[in-house]
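Engineer: So that we are looking at the same thing, I have put the structure below in C-alpha cells.
Residue numbers (this note's numbering), protein chains in the order written: chain A, 433 to 788; chain B, 433 to 788.
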C-alpha cells in the first residue's frame, strides 16, 4: 500500500513466468498486437501509436519529451510536485526552454495561471501531471486542451498513477502524448511504460529537423517494430509483455467504470477511517486522487519507526513523503488489485496499533 | 536457439514470479546488493559502479555513450556488424564526432587499423563490440587498452552476447565501460542491461561540463539509488531483478570457467555437425564466437520457409540474418542454458530434415 508497486494478482505473476519465447515469434507478435489493442481501450483512444515502452514510467516520461522537443523549443510545464519538477528537468535536458507554472504542493494547478502563461508566447508542448504521486492530487484536465490550442501547443500528460484507476480519456480530453507505468493501478510488476501519441503528435515527430536525441526511445524506430514491418529495434522484454497482457485482460474483465468506482469507494472508506483516527489529510477533498492518499504525520510520531513497524508486524508497506513532504506525510496507495476492503481495514488497524 | 532470448531455466522463471515487493523494501535492497556483487564476479571487476540498468541491452549501450560523451567530443568506433553501426548512431546522437574503423562483416576488427586511426588525434572514447551478434565474430580485446592509452581514450565494450558465455575480464583488459543484456548467455528474460564503469570512467562522468542528455540513463542519479543514500530515482523493475539475481546464482554455481568451456564444447559439436551436413560457416575459425554460429543459407533454399518449418515442426527457433547477411545466413545461438548436447542434436536433426 505504498505509492507503487501495487499488489500483483496471481494470474499476472503466472503469465510473467511463462517460458520465454522469441521477440519475433508469431505467437509473441500476436500477443503484442492484443496488448496494444487493450492499451488503447484503457487509454480510451484510437491512437495508432500506443505501445508499451521497454522502461519504467520515468522512461515513458523521457520518451514523450525527447520525441516531441528539439533544442530551442519552448515548453510550458506545470509543477505541483516531484513529477512536474522531473518533467521540467527532462525537458531542459532535451535542450528546450522551460516556462514553469507552479502550484503549492498538495494543491492542483490553477488553469487560469496556465492560460495566462500561454498568452505570453507560443509553446511546442504544455505538460501537466494528471495524478501527482508525490502529493496525491488529481488534476482536472478538462481546461487544458483549449489552453494548449490557444498557444499552438501539444498537450502532454503524466498518467502514471491514474491509468487503470481513474479515467484518463485521452481522445475526449484531446491529449497528444501520455505515459504511464505498469506498477500502479494496472497491478503489473514495474518495468514497462505504456505510451500513446495522437496523430498530431506523430506528425510533429515525423517532421523533426533533428534526430531524436535518444536512440533507445526513438518512436520513429520503435514504431516500425510495432508496425507491419516488424523491423527489429531492440529485444522486447518478452515476459514483462506477457504480464502486462494479462494485467490488461484483468482490467477489462472488471470493466473500466467498475474499476474506477472501486478505487473511489475504497479511497473514501480509507479516508473516513483515517479521519476517525484523528489523522489529517492535507489535500483538499475536491482534488484528492483515489489511488493515493496523503496523510500528515502527527507531531511527535517517528516516521521511519512507524513505517518499519507496519512492515515488520503487519507485512504492510506505506510510502514516506517525497520532496516538500519528506518526513511530514505518508502516502497510502490503493492501486489496482490493492484497492480492497481488506487492505483498507488492515491499514487502519495497523496504523491504530502503531500510533501513540 | 536464435540470437537471444535464450532458454530460461525454471528456477529463474520461478524467481521472476515471486510476489512483487517495494523497490525500497529492505529485503529487496539486500537482493539488489547481492545482484551487484554477483555482476562484479561475472564481469571480473571490482568496479563500484556495476549495476543492472532498467532497460534492454540497447538501453545499456545508450547508458554508456550518453554518460561519457558530451557534444563535440570525439569517438573512435569499430564497426564490423549491426551493433558497431548502432554504437556509431548512438554516439552521433550524443553530439559526438565519430571516426569509424570498419572491417568486413564476418571478420574481426584489425587492431592495427584502430591503432592507426588513434594516431591521428585524441579521442574521448574508443568503442568496440566484443561479440558481434549480427555476425558471430568474437573480437580479441587484448590490444585495445594500449591503443586507447595511446590517444587518451576510455575503452567502451559491447558484451551483450559474451557476458556469461565467454570471459569478459573487465579489469584485466582495462575496460572502462561495458554493457550487456540479460537474455543471452545469462539466460534470464530480456529487460535488463548489466553495466559497469571503471573508476576512470566514473571520474569522467563526475566532471562533465553538461548534464547527461538522458535523465533516465543518468548514472550520476542512478548511482545514488544503488549507493548508500538509496535515493529514489525510478521504480526498479523488481521482478526482473528477482530473475537476474537467480540467473546470476546459476552462473556462479556452475562456475565461470566451466560455463565458458561448455559454450565452447557445444559450439564445436554444432559446427562439426553443420559441416557434416555440407553447410558453410562464413566466419574464420580463429574468431568464431561460441554462443553464436553464422551459417550460410545454401543456394536455392528458402530462408523464411525453413525457419518457419523448424519452429512449427520442432519448436525450434533459429535467427535470420541481419544487415549484410539478411537472407544470406542463419544465426544459431547456443547461449546460457540453451548450450546443451540435446539442443545441438535437435538442431542438427531438424536442419537435416528441413534441407533438400
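No residue lacks a Cβ here, since even glycine has one placed at the ideal position from N, Cα and C.
(1) Please indicate yes or no: does the CB of residue 656/A lie closer than 7 Å to some heavy atom of the ligand MG?
(2) Measure the C-alpha to C-alpha separation of residue 478/B and residue 612/B and round it to an integer number of angstroms.
(3) Counting contacts by CB-CB distance shorter than 8 Å, is residue 745/B in contact with chain A?
(4) Secondary structure at residue 452/B, three-state DSSP: helix, strand or coil?
(5) Tell me the residue span of the beta strand (DSSP E) that contains residue 558/B.
(6) How would you list, in chain order, the residues of chain B whose beta-carbon sits under 7 Å from the beta-carbon of residue 790/A?
(7) Taking 8 Å as the threshold (C-beta atoms), are residue 701/B and residue 776/B in contact?
(8) Grab me the residues of residue 489/A's own chain with a C-beta within less than 7 Å of its C-beta, minus the 5 sequence neighbours each way, in chain order.
(9) Kindly identify the DSSP beta-bridge partner or partners of residue 725/B.
(10) For residue 510/B and residue 550/B, which I take to be in contact (beta-carbon distance under 8 Å), what is that distance rounded to the nearest angstrom?
(11) Could you tell me which residues DSSP puts in a beta bridge with residue 790/B?
(12) Three-state secondary structure (DSSP) at residue 655/A?
(13) Whose Cβ in chain B lies nearer than 9 Å to the Cβ of residue 672/A?
(14) What residue range is occupied by the uninterrupted beta strand (DSSP E) comprising residue 531/B?
(15) Mind listing the chain B neighbours of residue 494/A? Cutoff is C-beta to C-beta under 8 Å, in chain order.
(16) Please name the residue or residues paired with residue 808/B in a DSSP beta bridge.
(17) Using a Cβ-Cβ cutoff of 7 Å, what residues of the region 594–607 of chain A are near chain B? List them in chain order.
(18) Anything in chain A within Cβ reach of residue 525/B, meaning under 8 Å, just list it in chain order.
(19) Compare the C-beta of residue 666/B with all C-beta atoms of chain A and state if any pair is closer than 8 Å.
(20) Measuring straight from C-alpha to C-alpha, what distance separates residue 562/B and residue 750/B?
(21) Which residues of chain B have a Cβ atom closer than 7 Å to the Cβ of residue 783/A, listed in chain order?
(22) Residues of chain B with CB under 8 Å from residue 487/A, in chain order?
(23) At a Cβ threshold of 8 Å, is residue 741/A touching chain B?
(24) Decide if residue 574/A is buried, meaning its Cβ has at least 16 other Cβ atoms within 10 Å, or exposed.
(25) Output the boundary residues of the alpha helix (DSSP H) element that contains residue 485/B.
(26) According to the neighbour-count rule (16 or more other Cβ atoms, all chains shown, within 10 Å of its Cβ), is residue 630/B buried or exposed?
(27) Hey, is residue 501/B's beta-carbon within less than 8 Å of any beta-carbon in chain D?
(28) Output, in chain order, the set of chain A residues within a Cβ distance shorter than 8 Å of residue 613/B.
(29) Is it the case that the region 453–468 of chain A contacts the region 655–672 of chain A, given that we only count it when at least three CB pairs across the two stretches are under 8 Å?
(30) If you draw a straight line from the alpha carbon of residue 577/B to that of residue 587/B, how long is it in whole angstroms?
Structural biologist: By the coordinates alone:
(1) The ligand MG is not among the ligands present in this structure, which contains no ligands whatsoever.
(2) 17 Å
(3) no
(4) coil
(5) 557–561
(6) What the structure shows of chain A is the stretch from 433 to 788, and residue 790/A is not part of that stretch, so it cannot be assessed.
(7) yes
(8) 592, 611, 612, 613 and 625
(9) 764/B
(10) Actually they are not in contact, since the Cβ atoms of residue 510/B and residue 550/B sit about 11 Å apart, beyond 8 Å.
(11) The question about residue 790/B has no answer, for chain B in this structure spans 433 to 788.
(12) helix
(13) 621, 622, 623, 669, 671 and 672
(14) 529–534
(15) 646, 647 and 648
(16) Not covered by the structure: residue 808/B. The range shown for chain B is 433 to 788.
(17) none
(18) 643, 644, 645, 646 and 647
(19) yes
(20) 22 Å
(21) Neighbours of residue 783/A on chain B: none; closest Cβ ~17 Å, over 7 Å.
(22) 486, 487, 491 and 648
(23) no
(24) exposed
(25) Here residue 485/B belongs to no alpha helix (DSSP H); instead the beta strand (DSSP E) covers 481–485.
(26) buried
(27) Note that chain D does not occur in the displayed structure, where the protein chains are A and B.
(28) 667
(29) yes
(30) 7 Å
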